[in-house]
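Chemist:
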Amino acid sequence: MLLSYVYKLKPSLKQAQKMERWLHLLRLQYNFRVTERTQAYEQAKAPLMGNYCIIQTQAECCPLTCSVSKGALYGNPWSNKGKKRSPLAQQDANLVDLKKERPWYGEICYHVLQQMLKQVDAAFVRFFKGLGRYPKTKRRGKFRSFTYPAGDVGFKGNKVRLPGIGWMRFFQSRPFPPGFKIRSTTVRKKADGFYLSVLLMDDTVPNLPVPQQIQKALGVDLGLKKLLSLSNSETIVNRRFYKFAERKRSRLHRAASRKVLGSHRRQKTYQRIAKLEQKVTNQREDYQWKIAHKLVKQFDLIVFENLNIQGMMARCKPKQDENGKYLPNNQSAKSGLNKAIADAAWGSLKQKVKVLSERTGVLVHEVNPKFSSQECSACGYVSPTNRDREKFICEKCSHHADADVDAAKVILKRGLDALGINLDAVSGVPRKQGKSTPKEPVARQGKSTALVVEPGNPQQTTCLSGGEAK
302 MLLSYVYKLK PSLKQAQKME RWLHLLRLQY NFRVTERTQA YEQAKAPLMG NYCIIQTQAE
362 CCPLTCSVSK GALYGNPWSN KGKKRSPLAQ QDANLVDLKK ERPWYGEICY HVLQQMLKQV
422 DAAFVRFFKG LGRYPKTKRR GKFRSFTYPA GDVGFKGNKV RLPGIGWMRF FQSRPFPPGF
482 KIRSTTVRKK ADGFYLSVLL MDDTVPNLPV PQQIQKALGV DLGLKKLLSL SNSETIVNRR
542 FYKFAERKRS RLHRAASRKV LGSHRRQKTY QRIAKLEQKV TNQREDYQWK IAHKLVKQFD
602 LIVFENLNIQ GMMARCKPKQ DENGKYLPNN QSAKSGLNKA IADAAWGSLK QKVKVLSERT
662 GVLVHEVNPK FSSQECSACG YVSPTNRDRE KFICEKCSHH ADADVDAAKV ILKRGLDALG
722 INLDAVSGVP RKQGKSTPKE PVARQGKSTA LVVEPGNPQQ TTCLSGGEAK
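Heads up, the sequence shown is in the numbering used here, so the first residue is 302 and it goes up one at a time.
#1: When you compare only the Cα positions, how much space is there between Asn630 and Lys618?
#2: What residues in its chain sit with their C-beta under 7 Å from that of Arg462, if we drop five residues either side in the sequence?
#3: According to DSSP, simplified to helix, strand and coil, what is Asp644?
#4: Whole-angstrom Cβ separation of Thr487 and Ser446, contact assumed at under 8 Å?
#5: Rounded to whole angstroms, what is the Cα-Cα separation between Pro739 and Val538?
#6: Which of the three DSSP states, helix, strand or coil, is assigned to Thr366?
#7: Do Phe425 and Pro436 count as a contact pair if the criterion is CB distance below 8 Å?
#8: Measure the C-alpha to C-alpha separation of Arg434 and Gln340 and round it to an integer number of angstroms.
#9: For His700, which of helix, strand or coil comes out of DSSP?
#10: So Ala518 is in the beta strand (DSSP E); what residue range does that whole segment cover?
#11: What does the alpha-carbon distance come out to for the pair Glu402 and Arg338?
#12: What are the complete alpha helix (DSSP H) segments, minimum 4 residues, inside the region 615-685?
#13: When the Cα atoms are used, what is the spatial distance from Gln599 to His666?
#14: Tell me the rounded alpha-carbon separation between Leu773 and Cys695.
#15: CA-CA distance, Ile722 and Lys714?
#16: Which residue marks the beginning of the alpha helix (DSSP H) containing Pro464, and which one marks its end?
#17: Quick check on Tyr588: buried or exposed, where buried means 16 or more other Cβ atoms within 10 Å of its Cβ?
#18: My output table needs one value for Glu691: the three-state DSSP class, helix, strand or coil.
#19: Is it true that the CB of Val656 sits closer than 8 Å to the CB of Ile603?
#20: Just to confirm the assignment, what range does the beta strand (DSSP E) spanning Thr570 have?
#21: Using beta-carbon positions only, say whether Val654 and Ala615 come within less than 8 Å of one another.
#22: Starting from Val307, trace the beta strand (DSSP E) in both directions and tell me its first and last residue.
#23: Counting only the same chain and skipping the five closest in sequence on each side, list residues whose C-beta sits under 6 Å from that of Leu314.
#24: On the three-state DSSP scale, how would you describe Lys560?
#25: Relative to the C-alpha of Pro388, which residue among Gly407, Thr336, Leu432 is closest?
#26: For Pro404, which of helix, strand or coil comes out of DSSP?
#27: Can you tell me whether DSSP reads Phe428 as helix, strand or coil?
#28: Suppose the cutoff is 7 Å on Cβ atoms and the five residues either side in sequence are ignored; what does the same chain contact list for Val581 look like?
#29: Check each candidate in Arg386, Asn332, Thr536, Leu414 and name the one with the smallest Cα separation from Asp398.
#30: Find the nearest neighbour of Val663 within the set Ser699, Lys595, Val683, judged by alpha-carbon distance.
#31: With DSSP collapsed to three states, give me the class of Lys740.
#32: Identify every residue that forms a DSSP beta bridge with Met469.
#33: For Pro450, which three-state DSSP category applies?
#34: Which two residues bound the contiguous beta strand (DSSP E) that contains Arg483?
#35: Cα-Cα, which of Gly681, Glu606, Pro685, Lys400 is closest to Gly648?
#36: My output table needs one value for Tyr342: the three-state DSSP class, helix, strand or coil.
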């Protein structure tokens, strides 16, 4: 099993300056290696530097014969045993010459440089497998971490020894679990300082525990006003941390725009903006981890709706008239919706639930959410007129409930059917139908009540009217 613990470092001024210099030099070397491999890749696709040559005979030949260029930056791509080396091995062998040609790289630990090359290679591997975009060079501020392999970093109480930097203290918020060994250690710079991320591994603990017997199941419907609507008739409010900090963020951006370009005051203002963004991120992460722990502790099966979040946040297609003039496509109005979806961070929340579920043996499943808000959880009747804003009234059986809660019940039923689990064998699944009520009187009532999680204690809930916390 793999675990990752994060601690905040307390370096001295000289140590902080040294880590800043390391990040600067590593970023330059990262960009050089990406450019180096890009040139070789382009030369192999479409020769730009003339004819190729055979390494053994140094004889020039046409491009169809050999893919090794005489002017390649990798040097000799063949090992002493006659086997062709990988690009990672070729760049790794070049590190010795790098320290001779550029002595200032001698202060950086050799293993840190090797891990940087592995980072470059992993980016290209992901691209060729179709899992990511083509690697690009990183501008200043985007390269913010470096990694030590296993066995390099030493710990003694609340002190850590980083090779090439020295001993420094860190905030030991929790000890390492017994039996776990350090696999890698990453130093990462954030707006308020440096952090240490320790990856721990224990081979005796299985990565995927055997799922326990399902006794309680839960369906989850994702939303904006209500972050989560649960099939047990509870709702969790969306705190909207990004929106509440928007006014202060706008004020700081206006203040930064009035500063002289490149001045120290402008840099300090942007540092304040970075700290504000990190505070919003920390608040959202803390809130989502509390929600994830609460769900995993109470239920054995959690069923989410499989939303295409990237497609929901895509830009609207441009509209043109017969003369080719562009017409309004409501993209400006959709930008507010995109901000709200990004602030809710559904994907991040589901990822946290999956991480905790793998450790505890809780089963997490995703289903297609198509027409889930229009389907009646009592009789299964589907109609777009069943939903009336926050209310759901079935036109066939007159079942009424909160629209989002009813959708969560439908999602739960779809998950149980997909997994082949009998409804009668699962406790916690609501089976009772609501009372029959005409649609007109219900439509004149106020919005449904919602149970929200208190920020200080996620186990306590507060009933709010209007479906949203104020």
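Every residue gets a Cβ at the ideal spot worked out from N, C-alpha and C, and that includes glycine.
Modeler: So, to answer that:
#1: As a position in the sequence shown, residue 630 is number 329, starting the count at 1. As a position in the sequence shown, residue 618 is number 317, starting the count at 1. Taking the straight line joining both Cα atoms gives about 7 Å.
#2: To locate residue 462, count along the sequence shown from 1; it is residue 161. Excluding positions up to five away in sequence, the list reads Val454, Gly455, Trp468.
#3: As a first step, residue 644 must be located in the sequence shown, where it is residue number 343. DSSP places Asp644 in helix when its eight states are reduced to three.
#4: Here residue 487 refers to the residue found at position 186 when the sequence shown is read from its first residue. Here residue 446 refers to the residue found at position 145 when the sequence shown is read from its first residue. Contact check for Thr487 and Ser446: beta-carbon distance about 5 Å, within the 8 Å limit, so the pair qualifies.
#5: In the sequence shown, counting from the first residue as 1, residue 739 sits at position 438. In the sequence shown, counting from the first residue as 1, residue 538 sits at position 237. Confidence is the limiting factor: at Pro739 the pLDDT is only 40, short of 50, which leaves the residue's position unreliable, though a coordinate-based value still follows. When rounded, the distance between both Cα atoms is 29 Å.
#6: On the sequence shown, position 65 is the one that residue 366 refers to. Because the pLDDT at Thr366 is just 39, under 50, the model does not fix this residue reliably, and the point stays unresolved.
#7: Here residue 436 is taken as the residue at index 135 of the sequence shown, counted from 1. Here residue 425 is taken as the residue at index 124 of the sequence shown, counted from 1. Yes, these two residues count as a Cβ contact at 8 Å.
#8: On the sequence shown, residue 434 is found 133 positions in, with the first residue counted as 1. On the sequence shown, residue 340 is found 39 positions in, with the first residue counted as 1. In this model, Arg434 and Gln340 are separated by some 17 Å (Cα to Cα).
#9: In the sequence shown, the residue the question calls residue 700 occupies position 399. Taken through DSSP and simplified to helix, strand or coil, His700 comes out as coil.
#10: Your numbering for residue 518 matches position 217 in the sequence shown. Looking at the DSSP string, the run of the beta strand (DSSP E) that includes Ala518 is 518-523.
#11: As a first step, residue 402 must be located in the sequence shown, where it is residue number 101. As a first step, residue 338 must be located in the sequence shown, where it is residue number 37. Glu402 and Arg338 have their C-alpha atoms some 20 Å from each other.
#12: Segments of the alpha helix (DSSP H) lying fully in the region 615-685: 632-645, 647-661.
#13: Indexing the sequence shown from 1 puts residue 599 at position 298. Indexing the sequence shown from 1 puts residue 666 at position 365. Cα to Cα, the separation comes out at about 16 Å.
#14: No answer is possible for residue 773: it lies beyond the span of the chain, which begins at 302 and ends at 771.
#15: By 1-based counting over the sequence shown, the position of residue 722 is 421. By 1-based counting over the sequence shown, the position of residue 714 is 413. Cα to Cα, Ile722 sits roughly 9 Å from Lys714.
#16: Start at 1 with the first residue of the sequence shown, and residue 464 comes out as number 163. DSSP places Pro464 in no alpha helix (DSSP H); its state is neither H nor E.
#17: If you number the sequence shown from 1, residue 588 lands on position 287. Flag for Tyr588 reads buried.
#18: Start at 1 with the first residue of the sequence shown, and residue 691 comes out as number 390. Correct three-state label for Glu691: coil.
#19: The residue given as residue 603 occupies position 302 in the sequence shown. The residue given as residue 656 occupies position 355 in the sequence shown. Between Ile603 and Val656, the C-beta spacing is not below 8 Å.
#20: On the sequence shown, residue 570 is found 269 positions in, with the first residue counted as 1. Unbroken run through Thr570 is the alpha helix (DSSP H), 565-599; no beta strand (DSSP E).
#21: Locating residue 654 in the sequence shown gives position 353, counting from the first residue. Locating residue 615 in the sequence shown gives position 314, counting from the first residue. No. Outside cutoff.
#22: Within the sequence shown, the letter at position 6 stands for residue 307. Where Val307 is concerned, the enclosing beta strand (DSSP E) stretches over 303-311.
#23: As a position in the sequence shown, residue 314 is number 13, starting the count at 1. Once the five neighbours on either side are set aside, Leu314 has no close Cβ partner at all.
#24: By 1-based counting over the sequence shown, the position of residue 560 is 259. In the structure shown, Lys560 sits in coil (DSSP, three-state: anything other than H, G, I, E or B).
#25: Position 87 of the sequence shown, counted from the first residue, corresponds to residue 388. Distances from the CA of Pro388 to each of Gly407, Thr336, Leu432 were compared; the closest alpha carbon is that of Thr336.
#26: Here residue 404 corresponds to residue number 103 of the sequence shown, with the count starting at 1. In this structure, Pro404 counts as helix in the three-state DSSP scheme.
#27: Numbered from its first residue, the sequence shown carries residue 428 at position 127. It is helical.
#28: Position 280 of the sequence shown, counted from the first residue, corresponds to residue 581. Annotation for Val581: Phe542, Tyr543, Ala546 place their beta carbon closer than 7 Å to its own, counting only its chain and skipping 5 residues before and after.
#29: For this step, residue 398 is matched to residue 97 along the sequence shown. The option with the nearest alpha carbon to Asp398 is Leu414.
#30: Indexing the sequence shown from 1 puts residue 663 at position 362. The candidate whose alpha carbon is nearest that of Val663 is Lys595.
#31: Translated into positions along the sequence shown, residue 740 becomes position 439. Interpretation of Lys740 is limited by its pLDDT of 38, a score under 50 that renders its predicted location unreliable; no figure is taken from the coordinates.
#32: As a first step, residue 469 must be located in the sequence shown, where it is residue number 168. DSSP, once it has assigned bridges, lists Val461 as partnering Met469.
#33: Within the sequence shown, numbered from 1, the residue matching residue 450 stands at position 149. Shown here, Pro450 sits in a strand according to DSSP, grouped into three states.
#34: Against the sequence shown, residue 483 aligns to sequence position 182. The residue asked about is misnamed: residue 483 is Ile in this sequence, not Arg. That run of the beta strand (DSSP E) goes 482-491.
#35: Residue numbering aside, residue 648 sits at position 347 when the sequence shown is read from its first letter. Residue Glu606 holds the alpha-carbon nearest to the alpha-carbon of Gly648 among Gly681, Glu606, Pro685, Lys400.
#36: Counted from its first residue, the sequence shown places residue 342 at position 41. Looking at Tyr342 - three-state DSSP - the assignment turns out to be helix.
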